[in-house]
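Chains A and B, in that order, give the protein sequences. Each residue of the first sequence is one higher than the one before, starting from 21 at the first, in this note's numbering. Each residue of the second sequence is one higher than the one before, starting from 243 at the first, in this note's numbering. Glycine is no exception: its CB is placed at the ideal position from the N, C-alpha and C atoms.
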Amino acid sequence: MTLLFQVAGALAAGGVLVALARQFLPMARGAVPVVVAIPLVLGAVVALPNLQVATQGFYEQRNDNRRLSERDAAVRGGVVGGVNVDFLEWVRRRLESGDTFQLLVGREAAHPTAYQWGTFQLAPHLAVDRSQEADWIVLYDRAPDAAYPTGSFDRPTAYAPRYLLGRRRDAR
Amino acid sequence: MRAELGAFAADGVLALAGLCILWGLGVLGRSARSFLAALGLAYLTGSAVVCVALIALLSAGAPFGVTTFLGVAALCVVAGLGAGLRREGNARPRLPRLHLRVPAAPRLRGRSLGWWITAIFVVLFGVYALVGLLNALLLPLDQQDAWSIWTRKAQLLTVNDTLPSEFFTSESYAFMHPDYPLLLPVWEALHFRTAGRIDTQAVHAHLWLLLPAFVGAAAYLVRDVMGPLIWAPILLGVGAAPGVWQQLLWAFADLPMALFAGVGALCLGLWLTRGRGSDLVLSGVMLAAAASTKNEGLMSAAALLLVAAIVVLATRRSQALPFARRRSEALPSTRGRSQALGLGLTALGVVVALLPWRIWMAAHGVAGELPVLKGLDPGYLLDRTERVMPAVRAINAQLARQEQWVYLVPLAVLVAGASLVAGVNRRAAALYLGAGAIMWGLLVWAYWIYPLDLTFLLTTSPDRVITGLIFVCVAAVLHLTGGLAALAARTWADPRGR
């Protein structure tokens, strides 16, 4: 509804301008084109304050971001999503080139964000669906339960309680 | 620093490829000033052509890397120069001679109003763009869709030389929409590769360059039909619109898609007005890029090409139809036929550009998320009618956020209506109005048929999916305001209409 009224408002403004032009300007051939004044004036009126606000905002934001280290910037997306990025970094340092992993996220964690960020931070290592295809199992905010294949994986190493990493037994 | 220079060198290569294509199309003059003025359009053109070609090569199994990128760019350079030389009828190949002169200190006295307006525009927008660029260089990648979908794919394309099918087909990565088009990941990946590392901060700076490129491209395209008094305030308003710069710095694909769609719409509108073949070719290139960036871009391209076809056919068949009331806008039947043929070839080109990725998806069992065939089934649609009104309300609410979109939709309706009434640029006005309406309808239809929960969709996406429509409105406001201003000037000069 708001949009309809905005469109109606623009058409009404155009109508008023055309009526004024017909009244006061020598335009026998039609005064409709005078509506161009509306986008031009509006463009100028909104552009200058928006430019100033945006430019100042960029300047201040840059000053804030200068304090971020390269590493902090690289994991900022995870930090914003409340993900334990330090644990994932700890995992990443243990994975070897070409290793795959299965990421099991606990129900208490913000599941989609933690899972998605985890697979992003651990890239280019490939996440897999099944433990049979994985070189590692990453337990994120989760205790090793029945889902953890104790037969084929080592006992998981703990980074912290509920943050663990298990390696396939026959992995080289 | 070296990495950043490498990535900016990639931007230079894209701009060079684009410049040569533009020269081949006859869009460039021979002066250095012309080359400089066309840099924005060249950057967008180079990005579009090179990335669409790289997607085709990747889909065909060719290795992706800096060498392939440089090879494709070199082909664009050679093809552009070859076409340019042939167009100019040179018997012996000669590089274009640039009239390079060291510019003298600017003389301020005696400059025209247009010169002053351009100068003020360049200073204001230049400061904004430069501060924005310096800020973008340090922005962390913290928006979820950016790292979860787009940069994730770019990262994979940086470390893999081919499309990793196990990544696109794995259930583990189903959340990152494997069917989404690849232009943005390919574009980001070629920056990462030329930089020699995955820099998720600096990627914002390259994305930021698309905004001044769009503004420069739009100004360059309309330079013959309006003066800076018209384009400068409009483009300044668009360039500084919060919805535009905020979304661009999110590093999602929506805004880059919208920028391509906007230039494509403008070129198509200009082609309907002045009939230059180069405008039509450029519209095809830009619409192919938009459709290769996001599925909403495909909707924009389909809507624009469909309405353009209707306009061309309507004006060919009858001069009595509303679009053709002015004699200047009615087409002789032979020209109408050639326009219809040209448009058909352009549409075919867009389809061909999209095919490789679609074929790769089909061959690897990657299914699209939008159930298009079901969406044409009345039974399926009737079962989900409760989704329609919430979708309409959500889309309209976003289009009405004028603190973000600076009244572009109401202004587009105003100038399109005024153009139809005043009888100026009627075909272009019909294009923008018709395509805008169809795009709006397609967005509602997409929400109607999409299999995901509507509440989730409406809380996460309407602000982004409308950007293509917004940039068709940008094209309408810019193009049609220029036409109306020219008519107003003529009427003012000759009020009795002699």
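Check B/S661 in the structure and name its three-state DSSP category.
Note: B/S661 maps to helix in three-state DSSP.
Measuring only between beta-carbons, confirm whether A/P169 sits less than 8 Å from chain B.
It does not: the Cβ of A/P169 has no partner Cβ on chain B nearer than 8 Å.
Roughly how many whole angstroms lie between the Cα atoms of B/R706 and B/W687?
Cα to Cα, B/R706 sits roughly 16 Å from B/W687.
Quick one: list the residues of chain E neighbouring A/D149, beta-carbon separation under 9 Å, in chain order.
No chain E appears in this structure, whose protein chains are A and B.
Within its chain, find whatever has a CB closer than 6 Å to the CB of B/V255; leave out the 5 residues flanking it on each side and keep chain order.
Contacts found: A315.
Indicate the three-state DSSP secondary structure (helix, strand or coil) for B/Q385 in the structure shown.
Correct three-state label for B/Q385: coil.
I want to see whether chain B comes within less than 8 Å of A/E104, judged by CB atoms only; does it?
In the sequence under discussion, the amino acid at residue 104 of chain A is Asn, which differs from the Glu named in the question. No, its Cβ sits nowhere closer than 8 Å to a Cβ of chain B.
Helix, strand or coil for B/Q488, going by three-state DSSP, please let me know.
Looking at B/Q488 - three-state DSSP - the assignment turns out to be helix.
Distance cutoff 8 Å, beta carbons only. Does A/L108 sit that close to anything in chain B?
Not an interface residue.
Could you work out which residue in B/L508, B/T733 and B/A664 is closest to B/V457 when comparing CA atoms only?
That would be B/L508, whose Cα lies nearest to the Cα of B/V457.
Apply the 10 Å Cβ neighbour rule to B/M631 and answer buried if 16 or more other Cβ atoms are within range, or exposed otherwise.
Exposed, because fewer than 16 other Cβ atoms sit within 10 Å of the Cβ of B/M631.
Let me make sure I understand the geometry here. Which of B/G676, B/G725 and B/S661 has the alpha-carbon closest to that of A/L31?
Among B/G676, B/G725 and B/S661, the Cα nearest to that of A/L31 belongs to B/S661.
Counting contacts by CB-CB distance shorter than 8 Å, is B/N638 in contact with chain A?
Closer than 8 Å to some Cβ of chain A, the Cβ of B/N638 qualifies, so yes.
Pull up the CB-CB distance for A/P53 and B/T733, whole angstroms please, since I reckon it's below 8 Å.
That belief holds up - the Cβ atoms of A/P53 and B/T733 are roughly 6 Å apart, short of 8 Å.
Give the single residue among B/V320, B/L376, B/C318 and B/F250 whose Cα lies nearest to the Cα of A/Y79.
Comparing Cα-Cα distances from A/Y79 to each of B/V320, B/L376, B/C318 and B/F250, the minimum goes to B/L376.
Tell me the rounded alpha-carbon separation between B/G710 and B/G479.
If you take the alpha carbons of B/G710 and B/G479, they lie about 17 Å apart.
Hey, A/L68 and A/L108: beta-carbon distance below 8 Å or not?
In this structure, A/L108 does not lie closer than 8 Å to A/L68 by Cβ.
Any beta carbon from chain B within less than 8 Å of A/L185's own beta carbon?
With 8 Å as the cut-off, A/L185 does not count as an interface residue toward chain B.
Is there a Cβ of chain A sitting closer than 8 Å to that of B/I472, yes or no?
Answer yes: the Cβ-Cβ gap between B/I472 and chain A drops below 8 Å somewhere.
Assuming contact is defined by CB atoms lying nearer than 8 Å, are B/L726 and B/V666 in contact in what I supplied?
Yes.
Using 7 Å as the cut-off, classify the Cβ of A/G138 as near or not near the heavy atoms of the ligand GTP, replying yes or no.
Ligands are entirely absent from the displayed structure, and the ligand GTP is therefore not among its contents.
So which residues of chain A does B/G374 contact, with C-beta pairs closer than 8 Å?
Neighbours of B/G374 on chain A, chain order: A74, T75 and F78.
Is A/F140 close to chain B? Criterion is C-beta to C-beta, closer than 8 Å.
Taking Cβ atoms only, chain B reaches closer than 8 Å to A/F140, which makes this a yes.
Can you look up A/Y79 in the DSSP assignment and give me helix, strand or coil?
Three-state result, A/Y79: helix.
Of all the options A/E116, A/F44, A/G97 and A/R189, which has the alpha carbon lying nearest to the alpha carbon of B/T442?
It is A/G97 whose Cα lies nearest to the Cα of B/T442.
So what does DSSP say about B/I708, is it helix, strand or coil?
B/I708 falls in the coil class under three-state DSSP.
When you check each C-beta in the region 482–500 of chain B against every C-beta of chain A, which residues fall closer than 8 Å?
From the region 482–500 of chain B, only A482, A483, P484 and W487 have a Cβ closer than 8 Å to chain A.
Taking beta-carbon pairs under 8 Å, can you tell me which members of the region 632–656 of chain B lie near chain A?
For the region 632–656 of chain B, which is checked against every Cβ of chain A, the residues closer than 8 Å are N638, A639, L641, A642, Q644, V648, Y649, V651, P652, L653, V655 and L656.
List, in chain order, every chain B residue whose beta-carbon is nearer than 8 Å to that of A/G126.
What A/G126 touches in chain B: nothing, since even the nearest Cβ is about 17 Å away.
Within the same chain, show all residues whose beta-carbon is closer than 6 Å to that of B/P693, passing over the 5 residues directly before and after it, in chain order.
Here the set comprises nothing.
Assign B/L432 to one of two classes, buried (16 or more other C-beta atoms within 10 Å of its C-beta) or exposed (fewer than that).
B/L432 is buried by the Cβ-count criterion.
Residues bridged to A/T120 by DSSP?
The partner list for A/T120 (beta bridge, DSSP) reads A/L146.
Considering B/G517, what are the terminal residues of the alpha helix (DSSP H) in which it resides?
No alpha helix (DSSP H) contains B/G517, which DSSP labels as neither H nor E.
Could you give the distance in angstroms between the alpha-carbon of B/A483 and the alpha-carbon of A/D165?
Each residue's alpha carbon lies about 52 Å from the other.
Hey, is the region 387–397 of chain B in contact with the region 510–519 of chain B, meaning 3+ C-beta pairs nearer than 8 Å?
Because the criterion of three Cβ pairs below 8 Å is not met, the region 387–397 of chain B and the region 510–519 of chain B do not touch.
Listed from N- to C-terminal order along the chain, which residues in the region 361–385 of chain B have their beta-carbon within a distance smaller than 7 Å of any beta-carbon of chain A?
Answer set for the region 361–385 of chain B: L366, V369, Y370, V373, G374, L376, N377, L380, L381, P382, L383 and D384.
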